[in-house]
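Asks: Numbering (this note's numbering), first residue to last: 1 to 370.
Virtual Cβ for every residue (Gly too), placed ideally from N, Cα, C.
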Amino acid sequence: MSKKISVNEPVFDDSEVNIAQTILDSGLLSSSNMYGGKYVKIFEKQLSELLDCKYAVAVNSGTSALYASLLSLGIKSGDEVLVPSFSFTATASAVIATGATPVFVDISSSNYNIDLSLIESRISKKTKAIIPVHLYGHPVNIEQLSEITSADNIPIIEDGAQSLGSSINGKKCGTLGDLGCTSLYPTKVITSGEGGVITTNDDELYNQLLMIRNHGLDKSGQTIRFGLNLRMPELEAALASIQLSKLNDFINIRRKNSNIISEFINEFELSIPVEDDGIFLNRYLYTLSLSHSREEIMTFMEKQGINTAIYYRTPIHKMPFYQTFNNTYELPNTDTASSQVLSIPIHSGLSNDDINHVGQSLCNALKTIY
Ligand SMILES: Cc1ncc(COP(=O)(O)O)c(C=O)c1O
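1) Give the secondary structure of residue 214 by DSSP, where H, G and I count as helix, E and B as strand, and everything else as coil.
2) Going along the chain, which residues of its own chain have a beta-carbon closer than 8 Å to the beta-carbon of residue 1, five neighbours each way excluded?
3) Between which two residues does the beta strand (DSSP E) harbouring residue 129 extend?
4) Can you pull every residue whose C-beta falls closer than 6 Å to some heavy atom of ligand 1, listed in chain order?
5) Grab the span of the beta strand (DSSP E) containing residue 272 for me, first residue to last.
6) Suppose you measure from the CA of residue 15 to the CA of residue 359; what does that come to, to the nearest Å?
7) Using CA coordinates, which residue listed in 128, 98, 84 and 142 is at the minimum distance from residue 107?
8) Ignoring anything shorter than 3 residues, give me the beta strand (DSSP E) runs that lie fully in the region 261-340, in order along the chain.
9) Determine, using beta carbons only, whether residue 96 and residue 238 come nearer to each other than 7 Å.
10) Using three-state DSSP, classify residue 203 as helix, strand or coil.
11) Alpha carbons only, please: which of 181, 169 and 144 is nearest the one belonging to residue 159?
12) For residue 136 versus residue 284, is the C-beta spacing smaller than 7 Å?
13) Can you pull the DSSP bridge partners for residue 349?
14) Okay, do the region 87-104 and the region 248-259 touch, 3+ Cβ pairs below 8 Å being the bar?
15) What does the alpha-carbon distance come out to for the pair residue 28 and residue 210?
16) Can you give me the Cβ contacts of residue 331 inside the same chain, cut-off strictly under 6 Å, excluding the 5 residues immediately before and after it?
17) Between residue 41 and the rest of its own chain, which residues show a CB-CB distance below 7 Å, the 5 nearest in sequence each way excluded?
18) By Cβ distance, which residues of its chain are closer than 7 Å to residue 369, with the 5 residues on each side in sequence left out?
19) Count the other C-beta atoms from every protein chain shown that fall within 10 angstroms of the C-beta of residue 144, then say buried if there are 16 or more, exposed otherwise.
20) Residue 71 to residue 226, Cα distance in whole Å?
21) Hey, how far is the Cα of residue 249 from the Cα of residue 11?
22) On the criterion of 16 or more Cβ atoms from any shown chain inside 10 Å, does residue 139 qualify as buried, or is it exposed?
23) Give the DSSP-derived three-state secondary structure of residue 159 in the structure shown.
24) How about the region 185-205 and the region 57-72: do they share at least three Cβ pairs that are nearer than 8 Å?
25) Reducing DSSP to helix, strand and coil, say where residue 245 ends up.
26) Can you check which of these residues, 349, 337, 222 and 79, is closest to residue 315 by C-alpha distance?
27) Sorted by chain position, which residues of the same chain lie with C-beta nearer than 6 Å to residue 352's C-beta, five sequence neighbours on each side aside?
28) With which residues is residue 167 paired in a DSSP beta bridge?
29) Apart from the five residues on each side of it in sequence, which residues of its chain come closer than 6 Å, Cβ to Cβ, to residue 87?
30) Does residue 17 come out as helix, strand or coil in the three-state DSSP assignment?
31) Starting from the C-beta of residue 271, find all residues in its chain whose C-beta is less than 8 Å away, skip the five residues before and the five after it, and write them out in chain order.
32) Please classify residue 111 as buried or exposed, where buried requires at least 16 neighbouring CB atoms within 10 angstroms.
33) Below 8 Å on the Cβ atoms is my guess for residue 123 versus residue 157; work out the distance and round it to an integer in Å.
34) Once the 5 residues before and after residue 335 are set aside, which same chain residues still bring their CB inside 6 Å of it?
35) Within 10 Å of its beta-carbon, does residue 170 have 16 or more other beta-carbons around it, so buried, or fewer, so exposed?
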């Protein structure tokens, strides 16, 4: 049987294999230097140049990036942080890890991102940060958001785990708020296995982040604040650097594949992901909204050798752990999205035959089932 087509998978060639060998041969697998090892520094410089921001701090996961960002802002027990519930659980668990409370806000049904019109009503005296998520790679309008949050001086941490390469009005996701967080998990647009990065233009936040990822140590080797080992190993940094040099190519293939899928299904009246004026999408996920028969369509695609995926079947506030904190939330758009969304493979490892097979199968599924 030929290989199953997955929604996302890592795409490597000899360059990653060769750099991995070079690093293994060198024996220099990590560095406890405040500024990281050789490849950590190379990767950080490359990313900050690409995104056009002052600093990038590499860490060992996107979750660590969020956690370190919250710590750098001094978020602590008793504080509240606004987050969407329609996201990966890490968006909220990073808040819990600081002792603060995530306050869930509903999403807009037009783009699945946090509903900016609800923010003001959710801000309390305890609100000390907000984490908008650029879900599926679709940018949140951070300029509009900061107009709402600036009166209360509430810092913005972008959860850009899915949005590397996306931009809004020419400005890259990850550089729009006070801090931006990226993930390099294997299902992301580029990967280093595990990994994350925080981007910022703020000198003080940068200094705090360098210490937070390295046991709270300052330049003299003294622990002067709380920190952990959140460092990115050299192997991951080198892989991330190679992958980053391919980001534009990967995104171009995703964008081409996304157009092919849209062509295949344009006869159906479906809500498909559109690129509004001023927005550039990295096409991390191609997500449809199906008002019925989602499971049947998934099964049909599965039989054609194609995986589809639901991001997210259970919104965070409905996860058992979060229900123990507060089960009174009413987030109707979040609930609807959870019951309707379905993501289709468009990743950069698909051949022309693969993407045509995905498009044709989806068209057939919709024709026979929807
Ligand atoms: C929206 C979102 N936030 C946070 C994360 C956490 O990133 P990581 O898996 O690298 O810890 C992910 C990815 O898994 C994500 O999709």
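Replies: In brief:
1) strand
2) Residue confidence for residue 1 is low, a pLDDT of 46 falling below 50, so the modelled location carries little weight; the figure read from the coordinates is stated next. Correct list, in chain order: 305.
3) 127-130
4) 61, 62, 63, 87, 88, 90, 91, 133, 159, 161, 162, 183, 185 and 196
5) No beta strand (DSSP E) contains residue 272, which DSSP labels as neither H nor E.
6) 31 Å
7) 84
8) 286-289
9) no
10) helix
11) 181
12) yes
13) The partner list for residue 349 (beta bridge, DSSP) is empty, contrary to what the question assumes.
14) no
15) 20 Å
16) 85 and 106
17) 35
18) 293, 296, 297 and 300
19) exposed
20) 9 Å
21) 11 Å
22) buried
23) strand
24) yes
25) helix
26) 337
27) none
28) 172 and 280
29) 133
30) helix
31) 288 and 289
32) buried
33) So it is not a contact: roughly 15 Å between Cβ atoms.
34) none
35) exposed
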